[in-house]
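Peer 1: Just so you know, the sequences run in chain order A and B.
First residue of the first sequence: 41, per this note's numbering; consecutive thereafter.
First residue of the second sequence: 2, per this note's numbering; consecutive thereafter.
Every residue gets a Cβ at the ideal spot worked out from N, C-alpha and C, and that includes glycine.
The following block contains the structure, expressed as structure tokens.
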Amino acid sequence: MIATALHGPHIDWAGLSPLVALLGGATIVLIGGLMRARFAREVIVPLLTVAAFGAAIGLGIWQWDHSKSLVAGALRADDLTIAMTWIFCVAGIGAVGLSWRGLAPREAAHGEYHALLLTAAAGMVVLAGSQNLVTVFLGYELLSIPLYVLCATEMRRRSSLESGLKYLIVGSVGSATLLYGLAMIYGATGTTDFAGIARALGTKNLGGDALMLTGIALSLVGIAFKASVAPFHQWTPDVYEGAPTPITAFMAVATKAAAMAIALRFFNTALVTSQPDWAPAMAALAAVTIIVGNVGAIGQSSLKRLLAWSSVAQAGYMLGGVVVSSQLGVKATVFYLAVYLTMNMAAFAVVVARERETGLGDDIASVEGIGATRPWLAWPLTLAMLGLAGIPATAGFIGKVYLIDALVDGGYTWLGVLIVVGSMISLAYYLRVIAAMWMRPGREPQPVLAGGALDAPVEEPAASRRAGFETIAIAALFGAATLFFGIVPGPLFDLTGHVGRSLGLL
Amino acid sequence: MTVHLSLLLWLPAIGGLLGALLGRRLAGWAAVGGAVLALTYAIVAVIRFKSGGGLQFVTDRTWITALGTHWKLGLDGLNLFLVLLTTVVFTACTLWASFKEWDRPALFFFWMGLAHSAVLGALLAQDLLVFALFFDLMLVPFLFLTGIFGGEDRVSAVIRLFIYTLVGSLLMLAAAIATAVLSSGDQHISFVFSDIAARGGLSNGSQDWIFLCFAAAFLIKMPAFPFHGWMPAGYLNMPMPALAAFSGVLSKVAAYGFIRICLPFFPHASQHYQTLLLLIALASVLYGSAMAFTTTNTRLVLGFSSVAQLGFIVLGIFSLRPEGIQGALLQAVNHGIVVAPAFFLVALLAARAGGSEDMRDMGGAAFRAPVLAALFLVVALASLAMPGSSNFAGEFLILLGVFRAKIVIAIVAFTGVAMASVYMLRMFIRTTHNRVGPRMDSREITLRDGFVLVPLVLAILAFAIYPQVALHRSESSVKAVAIR
Numbered sequence: 041m042i043a044t045a046l047h048g049p050h051i052d053w054a055g056l057s058p059l060v061a062l063l064g065g066a067t068i069v070l071i072g073g074l075m076r077a078r079f080a081r082e083v084i085v086p087l088l089t090v091a092a093f094g095a096a097i098g099l100g101i102w103q104w105d106h107s108k109s110l111v112a113g114a115l116r117a118d119d120l121t122i123a124m125t126w127i128f129c130v131a132g133i134g135a136v137g138l139s140w141r142g143l144a145p146r147e148a149a150h151g152e153y154h155a156l157l158l159t160a161a162a163g164m165v166v167l168a169g170s171q172n173l174v175t176v177f178l179g180y181e182l183l184s185i186p187l188y189v190l191c192a193t194e195m196r197r198r199s200s201l202e203s204g205l206k207y208l209i210v211g212s213v214g215s216a217t218l219l220y221g222l223a224m225i226y227g228a229t230g231t232t233d234f235a236g237i238a239r240a241l242g243t244k245n246l247g248g249d250a251l252m253l254t255g256i257a258l259s260l261v262g263i264a265f266k267a268s269v270a271p272f273h274q275w276t277p278d279v280y281e282g283a284p285t286p287i288t289a290f291m292a293v294a295t296k297a298a299a300m301a302i303a304l305r306f307f308n309t310a311l312v313t314s315q316p317d318w319a320p321a322m323a324a325l326a327a328v329t330i331i332v333g334n335v336g337a338i339g340q341s342s343l344k345r346l347l348a349w350s351s352v353a354q355a356g357y358m359l360g361g362v363v364v365s366s367q368l369g370v371k372a373t374v375f376y377l378a379v380y381l382t383m384n385m386a387a388f389a390v391v392v393a394r395e396r397e398t399g400l401g402d403d404i405a406s407v408e409g410i411g412a413t414r415p416w417l418a419w420p421l422t423l424a425m426l427g428l429a430g431i432p433a434t435a436g437f438i439g440k441v442y443l444i445d446a447l448v449d450g451g452y453t454w455l456g457v458l459i460v461v462g463s464m465i466s467l468a469y470y471l472r473v474i475a476a477m478w479m480r481p482g483r484e485p486q487p488v489l490a491g492g493a494l495d496a497p498v499e500e501p502a503a504s505r506r507a508g509f510e511t512i513a514i515a516a517l518f519g520a521a522t523l524f525f526g527i528v529p530g531p532l533f534d535l536t537g538h539v540g541r542s543l544g545l546l
Numbered sequence: 002m003t004v005h006l007s008l009l010l011w012l013p014a015i016g017g018l019l020g021a022l023l024g025r026r027l028a029g030w031a032a033v034g035g036a037v038l039a040l041t042y043a044i045v046a047v048i049r050f051k052s053g054g055g056l057q058f059v060t061d062r063t064w065i066t067a068l069g070t071h072w073k074l075g076l077d078g079l080n081l082f083l084v085l086l087t088t089v090v091f092t093a094c095t096l097w098a099s100f101k102e103w104d105r106p107a108l109f110f111f112w113m114g115l116a117h118s119a120v121l122g123a124l125l126a127q128d129l130l131v132f133a134l135f136f137d138l139m140l141v142p143f144l145f146l147t148g149i150f151g152g153e154d155r156v157s158a159v160i161r162l163f164i165y166t167l168v169g170s171l172l173m174l175a176a177a178i179a180t181a182v183l184s185s186g187d188q189h190i191s192f193v194f195s196d197i198a199a200r201g202g203l204s205n206g207s208q209d210w211i212f213l214c215f216a217a218a219f220l221i222k223m224p225a226f227p228f229h230g231w232m233p234a235g236y237l238n239m240p241m242p243a244l245a246a247f248s249g250v251l252s253k254v255a256a257y258g259f260i261r262i263c264l265p266f267f268p269h270a271s272q273h274y275q276t277l278l279l280l281i282a283l284a285s286v287l288y289g290s291a292m293a294f295t296t297t298n299t300r301l302v303l304g305f306s307s308v309a310q311l312g313f314i315v316l317g318i319f320s321l322r323p324e325g326i327q328g329a330l331l332q333a334v335n336h337g338i339v340v341a342p343a344f345f346l347v348a349l350l351a352a353r354a355g356g357s358e359d360m361r362d363m364g365g366a367a368f369r370a371p372v373l374a375a376l377f378l379v380v381a382l383a384s385l386a387m388p389g390s391s392n393f394a395g396e397f398l399i400l401l402g403v404f405r406a407k408i409v410i411a412i413v414a415f416t417g418v419a420m421a422s423v424y425m426l427r428m429f430i431r432t433t434h435n436r437v438g439p440r441m442d443s444r445e446i447t448l449r450d451g452f453v454l455v456p457l458v459l460a461i462l463a464f465a466i467y468p469q470v471a472l473h474r475s476e477s478s479v480k481a482v483a484i485r
């Protein structure tokens, strides 16, 4: 013990710095939330949170292209980790902006709310960078536990509590399954290190080993829970609907990105030699997910549920990039994640804005007629919907092209065609939103009825009945990004080009 | 001086965007300005075009290196006159629309301009991904044009139209990517037409399914029987200027796609499925004609006549003979410049029949509006391929090609020519002659209407006299794609 303390592993603080920024930020924000002044809690704390996310992004830029192994090989700060960190942080900044005037931080206290958000992001970074089975589980839990709490932060609304509880129970099942699977892989290979597992797979001829295959299957299930891949997606619509909308936005984007990142890292480095064994099963999962997600979204009247189902379908598309285990697949998946970030943040920002402006909650009726009355909200949502459906001139189109390219190249043409079929089905519900915005007359804003339904939000001060400048700005910014990267995708391609090389695949 | 095709492509969209920014009063004029500039530029391109000179005025820049896709545009004999047609029809439609009152003009003209640009993009593209992009994109403006400004049943009609046509387009996207990846082999992927052609040779098995995906996209967009399910509701609910452009131009892009992509890149599959495509085309001719002379709604008469005409065009293409393909190209241009004024005339007649588009409510318009009737007569005669019209030359070449390829199909297709005269003359007579309709309040066309219509009719006449202008310029390009 003493010896290890003396010759402790060399810690590369520079490589760890984005993680340190997030966790340090969480601590500072938590303490800052204790301040008595209302201004400090409601303004300084969120700004500090944004600063912490911003610092992580900046430190990521500093560490870009360095590719180092950290903490005795438990983590890797390569371009994949850093690109993912950016996605988490941008989603985090979006979530902070969207909850600026929201109910959740006020009910749960600003310090705790924002600290949990930062911790969840830190967990995602750990997960995305992990090189070791233990780190995988550590990251998985570190991202999950804050999110269980965050889902329930609108604690006077029953559906929020329900959402938190559901997520806790289902998420725990996912964690347990993952842990079991990881243990089996350890049992079969005798090591927890990714590189060691890959070596063991190569030398010990574990291709048909039952223990190994069960371990792979169970850990896939654990990751599938987090990524809401069918048939492990059932929690998604309920949790997304109940959680405070900014948190839903954060989960939809960042949690999915984290799950995809670990899927890429785990399956495309540690398990890459047994790709022929797991790839068909994963492709089948992706296929089921695409169909289930898209069919499930049809007929949803709640925008959040609709986006939840759509996120299930999108997870199916992205899983295709993992299946093929090629550099192209990694690039396409990361590209799609970045694009998915812009589209979903734009959509959720509009949902937040309309929740505040109308008394209709997240019902699709809340966006009716906004094409004429609120163009600054209607255009971003339109672009987001067109992008998610994969219509040209949006980033979603390029993302899908890239994914299909990777699939055809990797010999999974049928899955590429299935992505296209999924997009066709998805038009049925994305177009409904567009039709509601542009082709139906608007509704008069409804006053929130005093003493209305039990579930109704507690009475809010008049100021928060406005959408707020920052919400509209976030919607417009991400909507514009969706359009911009659809026309000038070059920068994103440069980024993903680096990421693709970091895993050492062909 | 070279012609900058990127500029030509984006001028209409810039006009539309400018209009949207300038606000409701100037929106129409800005959009018309953009369209007219594009038209002028297209005319310059036609004049400067050298017959038999291959691909000209090429713009070629790398767009996405990782995907091997280039922003490559070019004009050759295949798309030259379709580009001209597009600018003519869209300019007429935009002008026509600018004379009308719209609820939200800025939005209307923005989408109109974007539609114009998107169609030009699909025609000019020399890269498979850029083509697929514009092919899908050109649908989006019509989603909004119909959904916001359309008829009573517009929302369900437009969702049906959009899903139907995009189903085909997305299949095509998958097929396009497969084409590029599979044809690249070990080399870096490339979507550029010339690269795909040079690398040559998809295996026969891949060609088959890829061809079918492309064919589905094109046949739905046309529409051909039995893929026309979206057409009646879509046509009935689209605002008139948008419909004239949609019917006049968008369907031609599909026909062009067959010539540009299917024949040169999938020669084996094109021959393999020749009979199937010819039979679908024949079914479209017969079904479209039969429907056109049984329905009484004037919009639908034109809609179903388009199905029949597009059937003819596909017949010509899949004769796989140079004369048939030339006829198909000529006929595509003919149909475009004929159907657009036909829709305007129908709109004028409907306005005189108390807003009803049913020909039973019309009739006798010619007594008080001889100019209107005369214009309609020219359009109708051109449309039924009167000898002397350019349509006659087009249909003649098509039938000649089919006759040499599959004689039985040619013989059946001849009946389609006869039926065309039945339905066009029926509509002409029942709307402008016969007893004066119950709600008919005939009056002559206004100067503004004439401002749009007369140039179009003059174009029909000019083209009737000099069809060889187009034939001459397209000859060498057509020979290059025809399968010998």
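Is residue 338 of chain A close to chain B, meaning its C-beta is less than 9 Å from at least one C-beta of that chain?
Peer 2: For the purposes of this step, residue 338 of chain A is taken as the residue at position 298 of the first sequence. Answer no: the Cβ-Cβ gap between residue 338 of chain A and chain B never drops below 9 Å.
Peer 1: Suppose you measure from the CA of residue 452 of chain A to the CA of residue 46 of chain B; what does that come to, to the nearest Å?
Peer 2: Start at 1 with the first residue of the first sequence, and residue 452 of chain A comes out as number 412. Start at 1 with the first residue of the second sequence, and residue 46 of chain B comes out as number 45. Using only the alpha carbons, I get a separation of about 44 Å.
Peer 1: Can you give me the C-alpha to C-alpha distance between residue 241 of chain B and residue 378 of chain B, rounded to a whole angstrom?
Peer 2: As a first step, residue 241 of chain B is located in the second sequence; it is residue number 240 there, counting from the start. As a first step, residue 378 of chain B is located in the second sequence; it is residue number 377 there, counting from the start. Answer to the nearest angstrom: the Cα atoms are 20 Å apart.
Peer 1: Counting only runs of 4+ residues fully inside the region 345-402 of chain B, write out the alpha helix (DSSP H) ranges in chain order.
Peer 2: 366-369, 371-384, all fully within the region 345-402 of chain B.
Peer 1: Under the three-state reduction of DSSP, which class applies to residue 137 of chain B: helix, strand or coil?
Peer 2: Here residue 137 of chain B refers to the residue found at position 136 of the second sequence. Residue 137 of chain B: helix per DSSP, three-state reduction.
Peer 1: Hey, would you say residue 98 of chain B sits closer than 9 Å to residue 129 of chain B, going by beta carbons?
Peer 2: Residue mapping note: residue 98 of chain B aligns to position 97 of the second sequence, counting from 1. Residue mapping note: residue 129 of chain B aligns to position 128 of the second sequence, counting from 1. No, the pair does not count as a contact, with Cβ atoms beyond the cut-off.
Peer 1: Would you say residue 135 of chain B lies against chain A (beta-carbon separation less than 9 Å)?
Peer 2: To locate residue 135 of chain B, count along the second sequence from 1; it is residue 134. Output row for residue 135 of chain B: interface = yes.
Peer 1: Going by DSSP in three states, residue 61 of chain B sits in which element: helix, strand or coil?
Peer 2: Locating residue 61 of chain B in the second sequence gives position 60, where the first residue counts as 1. DSSP places residue 61 of chain B in strand when its eight states are reduced to three.
Peer 1: Establish whether the CB of residue 416 of chain A and some CB of chain B are separated by less than 9 Å.
Peer 2: Taking the first sequence and counting its residues from 1, the one referred to as residue 416 of chain A is at position 376. Residue 416 of chain A does not count as touching chain B.
Peer 1: Chain B beta carbons: is any one of them nearer than 9 Å to that of residue 478 of chain A?
Peer 2: Counting from 1 along the first sequence, the entry for residue 478 of chain A is found at position 438. With 9 Å as the cut-off, residue 478 of chain A counts as an interface residue toward chain B.
Peer 1: If distances are taken between C-alpha atoms only, which option among B:73, B:283, B:198, B:280 comes closest to residue 262 of chain B?
Peer 2: As a first step, residue 262 of chain B must be located in the second sequence, where it is residue number 261. Residue B:198 is the option with its Cα nearest to residue 262 of chain B.
Peer 1: Whole angstroms are fine: how far does the CA of residue 245 of chain A sit from the CA of residue 239 of chain A?
Peer 2: For the purposes of this step, residue 239 of chain A is taken as the residue at position 199 of the first sequence. For the purposes of this step, residue 245 of chain A is taken as the residue at position 205 of the first sequence. Approximately 10 Å, taken between the alpha carbons.
Peer 1: Quick check on residue 496 of chain A - is its C-beta less than 9 Å from some C-beta in chain B?
Peer 2: Along the first sequence, one-based indexing puts residue 496 of chain A at 456. For residue 496 of chain A, the pLDDT reaches just 47, beneath the cut-off of 50, and the residue's location in the model is therefore unreliable, although a value from the coordinates is still provided. Answer no: the Cβ-Cβ gap between residue 496 of chain A and chain B never drops below 9 Å.
Peer 1: What do you reckon, are the CB atoms on residue 184 of chain B and residue 201 of chain B nearer than 9 Å?
Peer 2: As a first step, residue 184 of chain B must be located in the second sequence, where it is residue number 183. As a first step, residue 201 of chain B must be located in the second sequence, where it is residue number 200. A contact, by the Cβ cut-off of 9 Å.
Peer 1: Have a look at the DSSP bridge pairing and note the partners of residue 403 of chain A.
Peer 2: Position 363 of the first sequence, counting from 1, holds the residue named residue 403 of chain A. A:342, per the DSSP bridge assignment.
Peer 1: Could you tell me which whole alpha helix (DSSP H) segments of length 4 or greater appear in the region 155-231 of chain A?
Peer 2: Counting only runs of 4 or more, we get 173-191, 198-229.
Peer 1: Counting pairs of Cβ atoms below 8 Å between the region 143-161 of chain A and the region 73-85 of chain A, do you hit three or more?
Peer 2: Touching, yes, given that three or more Cβ pairs across the two stretches are closer than 8 Å.
Peer 1: Tell whether a beta-carbon distance below 9 Å holds between residue 55 of chain B and residue 36 of chain B.
Peer 2: On the second sequence, residue 55 of chain B is found 54 positions in, with the first residue counted as 1. On the second sequence, residue 36 of chain B is found 35 positions in, with the first residue counted as 1. Taking 9 Å as the Cβ cut-off, residue 55 of chain B and residue 36 of chain B do not qualify as a contacting pair.
Peer 1: How many Å lie between residue 489 of chain A and residue 397 of chain A at the Cα?
Peer 2: On the first sequence, position 449 is the one that residue 489 of chain A refers to. On the first sequence, position 357 is the one that residue 397 of chain A refers to. Note that residue 489 of chain A scores 49 on pLDDT, short of 50, meaning its location in the model is unreliable; the coordinates nonetheless yield the value given after this. So the two alpha carbons sit approximately 14 Å from each other.
Peer 1: Start and end of the alpha helix (DSSP H) containing residue 454 of chain A?
Peer 2: Counting from 1 along the first sequence, the entry for residue 454 of chain A is found at position 414. It spans 453-479 - the alpha helix (DSSP H) in which residue 454 of chain A sits, taken as one unbroken run.
Peer 1: Near residue 464 of chain B, what residues of its chain come up, given a Cβ to Cβ distance below 6 Å and the 5 sequence neighbours on each side ignored?
Peer 2: In the second sequence, residue 464 of chain B corresponds to position 463, counting from 1. Counting only Cβ-Cβ distances below 6 Å, and skipping sequence neighbours, we find 391.
Peer 1: Quickly, what does DSSP pair residue 30 of chain B with across the bridge? List them, please.
Peer 2: Here residue 30 of chain B refers to the residue found at position 29 when the second sequence is read from its first residue. According to DSSP, residue 30 of chain B bridges with nothing at all.
Peer 1: According to DSSP, is residue 336 of chain A helix, strand or coil?
Peer 2: Counting from one through the first sequence, the residue named residue 336 of chain A turns up at place 296. Helix, per DSSP.
Peer 1: What does residue 320 of chain A touch in chain B if you count any residue whose Cβ is under 8 Å from its own?
Peer 2: As a first step, residue 320 of chain A is located in the first sequence; it is residue number 280 there, counting from the start. Correct list: empty, because the minimum Cβ distance to chain B is about 20 Å.
Peer 1: Would you mind stating whether residue 455 of chain A and residue 302 of chain A have Cβ atoms separated by less than 9 Å?
Peer 2: Against the first sequence, residue 455 of chain A aligns to sequence position 415. Against the first sequence, residue 302 of chain A aligns to sequence position 262. Result no, Cβ atoms of residue 455 of chain A and residue 302 of chain A do not sit closer than 9 Å.
Peer 1: Return the Cβ separation of residue 264 of chain B and residue 324 of chain B in integer angstroms, given the expectation that the two are a contact with Cβ distance under 8 Å.
Peer 2: Residue mapping note: residue 264 of chain B aligns to position 263 of the second sequence, counting from 1. Residue mapping note: residue 324 of chain B aligns to position 323 of the second sequence, counting from 1. Residue 264 of chain B to residue 324 of chain B, Cβ: 14 Å. No contact.
Peer 1: If we cut at 9 Å on Cβ distances, does residue 219 of chain B have a partner in chain A?
Peer 2: Within the second sequence, residue 219 of chain B is the residue found at index 218, counting from 1. It does not; no Cβ of chain A falls within 9 Å.
Peer 1: Residue 137 of chain B: buried (16+ other C-beta within 10 angstroms of its C-beta) or exposed?
Peer 2: As a first step, residue 137 of chain B is located in the second sequence; it is residue number 136 there, counting from the start. With 16 or more Cβ atoms within 10 Å of its Cβ, residue 137 of chain B is classed as buried.
Peer 1: Please list, in chain order, all residues of the same chain as residue 202 of chain A whose beta carbon is under 8 Å from its beta carbon, the five residues on each side excluded.
Peer 2: Indexing the first sequence from 1 puts residue 202 of chain A at position 162. Within the same chain, residue 202 of chain A has close Cβ partners 278, 282.
Peer 1: In this structure, does DSSP put residue 238 of chain B in helix, strand or coil?
Peer 2: Taking the first residue of the second sequence as position 1, residue 238 of chain B is located at position 237. Three-state result, residue 238 of chain B: helix.
Peer 1: From the beta carbon of residue 126 of chain B, is the nearest beta carbon of chain A less than 9 Å away?
Peer 2: As a working mapping, residue 126 of chain B is identified with position 125 in the second sequence. Not closer than 9 Å to any Cβ of chain A, the Cβ of residue 126 of chain B fails to qualify, so no.
Peer 1: So is residue 457 of chain A buried or exposed if we call it buried at 16+ other beta carbons inside 10 Å?
Peer 2: If you number the first sequence from 1, residue 457 of chain A lands on position 417. Classification for residue 457 of chain A: buried.
Peer 1: Once the 5 residues before and after residue 467 of chain A are set aside, which same chain residues still bring their CB inside 6 Å of it?
Peer 2: The count along the first sequence starts at 1 and reaches residue 467 of chain A at position 427. Here the set comprises 429.
Peer 1: What does the alpha-carbon distance come out to for the pair residue 138 of chain A and residue 278 of chain B?
Peer 2: Position 98 of the first sequence, counted from the start, is the residue given in the question as residue 138 of chain A. Position 277 of the second sequence, counted from the start, is the residue given in the question as residue 278 of chain B. If you take the alpha carbons of residue 138 of chain A and residue 278 of chain B, they lie about 54 Å apart.
Peer 1: Scan the region 451-463 of chain A for residues whose Cβ lies nearer than 7 Å to a Cβ of chain B and list them as they occur along the chain.
Peer 2: Result list: 453, 456, 457, 460, 463.
Peer 1: What does DSSP give as the partner residue(s) for residue 486 of chain B in the beta ladder?
Peer 2: No answer is possible for residue 486 of chain B: it lies beyond the span of chain B, which begins at 2 and ends at 485.
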